[in-house]
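If you're matching them up, the sequences are chains L and P in order. Take 2 as the starting number for the first sequence in my numbering and just add one per residue. Take 8 as the starting number for the second sequence in my numbering and just add one per residue. These notes concern the structure reproduced below.
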Amino acid sequence: MAVESTPDLATQREANTSPLSLALRHTPLYQEHRKLGAKFVEFGGWEMPVLYSGVIDEHLCVRSAVGLFDVSHMGEIFVRGPRALDFLERMTTNTVSALVPGKAQYSLLLNEQGGVVDDIIIYLLAPEEYLICVNAANTDKDYEWLKAHQESEVELENASARFGQIAIQGPKARELFSRLLPNAAQPFTEAAFPAFTFRKEHFASGARSEELLIACTGYTGEDGFEVFCPAEFTPILWQALLTAGAELGVKPCGLGARDTLRLEACYPLHGHELTDDLPAISSNVGWVVKFKKATSFIGKDALLARKEQGLQHVLVGFEVVDRGIVREHARVLSENREVGWTSSGTKTPTLDKALGLAFVEPQYAAPGTELAAEVRGRLLKIRVASLPFYRRN
Amino acid sequence: MNTPKDCKYTREHEWAKAEADRVRIGITDYAQQELGDIVFVELPTVGKQVRKGEAFATVESVKAVSEVYAPLDGTVVEANESLADLPETLNKAPHADGWMIVIEPSDTAQLEELMESSEYDSFIEELAK
Chain L
2 MAVESTPDLA TQREANTSPL SLALRHTPLY QEHRKLGAKF VEFGGWEMPV LYSGVIDEHL
62 CVRSAVGLFD VSHMGEIFVR GPRALDFLER MTTNTVSALV PGKAQYSLLL NEQGGVVDDI
122 IIYLLAPEEY LICVNAANTD KDYEWLKAHQ ESEVELENAS ARFGQIAIQG PKARELFSRL
182 LPNAAQPFTE AAFPAFTFRK EHFASGARSE ELLIACTGYT GEDGFEVFCP AEFTPILWQA
242 LLTAGAELGV KPCGLGARDT LRLEACYPLH GHELTDDLPA ISSNVGWVVK FKKATSFIGK
302 DALLARKEQG LQHVLVGFEV VDRGIVREHA RVLSENREVG WTSSGTKTPT LDKALGLAFV
362 EPQYAAPGTE LAAEVRGRLL KIRVASLPFY RRN
Chain P
8 MNTPKDCKYT REHEWAKAEA DRVRIGITDY AQQELGDIVF VELPTVGKQV RKGEAFATVE
68 SVKAVSEVYA PLDGTVVEAN ESLADLPETL NKAPHADGWM IVIEPSDTAQ LEELMESSEY
128 DSFIEELAK
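What follows is the structure, encoded as structure tokens:
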């Protein structure tokens, strides 16, 4: 038996037959994962846990209770200074001026051609101080990109090594935080702590007390939080979260479940649905591309020209009609003509269906359209579905 | 790890069990653990020729696609159709209800080239190091 195709997160078989490269980077939680018996995978230059108890078990735990994810590999870049706002308006697609301190915003960094350098979350910490959370594999690229466009009165700091980050996701995430921080000034209710807001809280363990930045954001389609803390404090926080959540059924979850969860929620993954080469507006993220904002942003002219010409491909969801699973990089055909390709796909645990995302020519994008995907030389029937596949109640 | 003594083993984590003049074939307990949740199995049809060391089936977990290699040459006389609806059987009982195919071997001497259960146990112990 041997792994025939290894999607980005699926090299665990190989990890067992050949020792992982020593050059791979480890998060501050690496030893915690080892203690918990995680299986590891190489992801964007990092050796990360792909699963602990099993992808399906972890996925269902996040949908029904609460799961913890080590996302310390993600990058943190600070943008500070009197011209930080103007700089970010020019560098990103969403309206940065709409942010107030304590609010976060999903956005994109584009290149001149309108392709996606990265998808990011911007946090306004204080006037003239922004934190950008970026994808692990893109951290250095993003930092160089920002540096290359840096203006006077704008300071940039790649602080990725200073921070650990843990995602706490699921319907019981708020309850977990109420237990972890019973003396917090504000409750962890949806009314007091809505999506895309964040707050700072102190968390004490033994002699140590550290400031946590807790954001109501996530990548699973569930309610939940993402917490930034000092790197060396991350294991203490991780253990405290596992303890505080024990009665709630909390489980550590790996990148495998993170990927199936985000796919059900139809969140794009950079390198799959968002790439440096595809125009951002092809990828169902047009809602964060604000053509009408006051400041022009990098990539705007190219995207406007694209809109004028019409898009070559657009992102759709699909369900596999035949028996089988369609993963990324499969050719998509209509009456034997190639009309696109798949960017992600798996059998998803909550819905128990083989689902995926694909780029197809716009005339094939209507839900219900029947197409074929080529898997190991055979054509499987697929049907375009409406997005998202999963939406929480 | 369950390594029945009445089976022979490959370095690619398949087992082969002689049953009168036929051989039953599947993947090992170690293989199913490494693959994780198995969600799809594609088997050959009855009558198909399989060749030692060549892929005869595909097993998919949530995150990976794996090929399963024939431990010896032969002709498929039975395929475990129940795996199509219950692929998780491969995780639950890889040596029992999770068997994959039965073949009529072309050359039973090929069985002797495979590992004994004790050798396979040492082999996977080495892999774990």
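Ideal Cβ positions, reconstructed from N, Cα and C, are used throughout, including at glycine.
{"Check": "Classification of P:Asn9 by the beta-carbon crowding that lies within 10 angstroms, buried from 16 upward", "Outcome": "exposed"}
{"Check": "Against chain P: residues of the segment 51–71 of chain L by CB proximity under 9 Å", "Outcome": "Val51, Leu52, Gly55, Val56, Ile57, Asp58 and His60"}
{"Check": "Sequence-distant residues of the same chain with beta carbon closer than 6 Å to L:Leu37, five excluded per side", "Outcome": "Tyr53 and Pro253"}
{"Check": "For P:Lys70 and L:Gly257, the rounded distance between their alpha carbons", "Outcome": "7 Å"}
{"Check": "Residues from the segment 24–39 of chain P in contact with chain L, defined by Cβ distance under 7 Å", "Outcome": "Ile34 and Ala38"}
{"Check": "Closer than 8 Å to chain L by CB, P:Gly43", "Outcome": "yes"}
{"Check": "Contact the segment 325–336 of chain L vs the segment 377–387 of chain L: 3+ CB pairs below 8 Å", "Outcome": "yes"}
{"Check": "Where the beta strand (DSSP E) containing L:Gly257 begins and where it ends", "Outcome": "Run containing L:Gly257: none in the beta strand (DSSP E); it sits in the alpha helix (DSSP H), Leu256 to Glu265."}
{"Check": "Assigned secondary structure, L:Gly287 (DSSP; H/G/I helix, E/B strand, else coil)", "Outcome": "helix"}
{"Check": "C-beta contact flag for P:Val53 and P:Leu97 at 8 Å", "Outcome": "no"}
{"Check": "Interface residues of the segment 244–265 of chain L facing chain P [CB-CB below 8 Å]", "Outcome": "Gly257, Asp260 and Thr261"}
{"Check": "Residues near L:Thr18 by beta carbon distance below 8 Å, same chain, minus five either side", "Outcome": "For L:Thr18, the predicted model reports a pLDDT of 35, less than 50, meaning its position is unreliable and no value from the coordinates is stated."}
{"Check": "Beta carbon proximity, L:Ser22 to chain P, threshold 8 Å", "Outcome": "A caution first: L:Ser22 carries a pLDDT of 47, below 50, which makes its placement in the model unreliable, though a value can still be read off. Judged by the 8 Å Cβ criterion, L:Ser22 is not in contact with chain P."}
{"Check": "With 16 other Cβ atoms within 10 Å as the buried cut-off, status of L:Ala162", "Outcome": "exposed"}
{"Check": "C-beta atoms of P:Leu118 and P:Val30 nearer than 8 Å", "Outcome": "yes"}
{"Check": "Below-8 Å beta-carbon distance, P:Ala91 vs any chain L residue", "Outcome": "yes"}
{"Check": "C-beta neighbour in chain L for P:Phe1, strict 8 Å", "Outcome": "Here chain P has residues from 8 to 136 only, and residue 1 of chain P is not among them."}
{"Check": "Beta-carbon proximity check, L:Gly219 vs L:Glu212, cutoff 8 Å", "Outcome": "no"}
{"Check": "Cβ-Cβ separation, L:Tyr131 to L:Leu89 (assumed contact under 8 Å), whole Å", "Outcome": "6 Å"}
{"Check": "Unbroken beta strand (DSSP E) run spanning L:His203, endpoints", "Outcome": "Phe199 to Ser206"}
{"Check": "8 Å CB neighbourhood of L:Gly103 in its chain, flanking five on each side removed", "Outcome": "Leu125, Thr198, Phe199 and Arg200"}
{"Check": "Contacts of P:Tyr76 in chain L (Cβ-Cβ under 8 Å)", "Outcome": "Met2 and Ala3"}
{"Check": "Distance between P:Ser68 and P:Leu42 (C-alpha atoms, nearest Å)", "Outcome": "6 Å"}
{"Check": "Contact list for the segment 323–341 of chain L against chain P, Cβ threshold 9 Å", "Outcome": "Arg324, Gly325, Ile326 and Arg328"}
{"Check": "Residues that L:Lys348 contacts on chain P, provided the C-beta gap is smaller than 8 Å", "Outcome": "Val46, Phe47, Glu67 and Val69"}
{"Check": "Alpha-carbon to alpha-carbon, L:Val286 and L:Gly300", "Outcome": "14 Å"}
{"Check": "Cβ neighbour criterion (16 or more within 10 Å) applied to L:Asn184", "Outcome": "exposed"}
{"Check": "Whole-angstrom distance between P:Val109 and L:Phe1, CA atom to CA atom", "Outcome": "Given that chain L is displayed from residue 2 to residue 394, the structure contains no residue 1 of chain L and the question cannot be resolved."}
{"Check": "Beta-carbon proximity list for L:Ala1, same chain, < 6 Å, skipping 5 on both sides", "Outcome": "In the structure as shown, chain L begins at 2 and stops at 394. Residue 1 of chain L is therefore absent and cannot be evaluated."}
{"Check": "Partner residues on chain L for P:His102, Cβ-Cβ distance less than 7 Å", "Outcome": "None at all; the shortest Cβ gap to chain L is about 15 Å."}
{"Check": "Closer than 9 Å at the beta carbon, the chain L residues around P:Ser113", "Outcome": "Chain L residues near P:Ser113: none, gap ~22 Å exceeds 9 Å."}
{"Check": "Inter-residue Cα distance where the pair is L:Leu61 and L:Gly165", "Outcome": "25 Å"}
{"Check": "Nearest neighbour of L:Ala306, chosen from L:Ala281, L:Gly318, L:Phe319 and L:Gly325 [CA to CA]", "Outcome": "L:Ala281"}
{"Check": "Own chain residues within Cβ distance below 6 Å of L:Ala237, not counting five before or after", "Outcome": "Note that residue 237 of chain L is Ile in the sequence shown, not Ala. Answer for L:Ile237: Ser206, listed in chain order."}
{"Check": "For P:Ala64, the nearest candidate out of L:Ala3, L:Thr235 and L:Phe70 (CA to CA)", "Outcome": "L:Ala3"}
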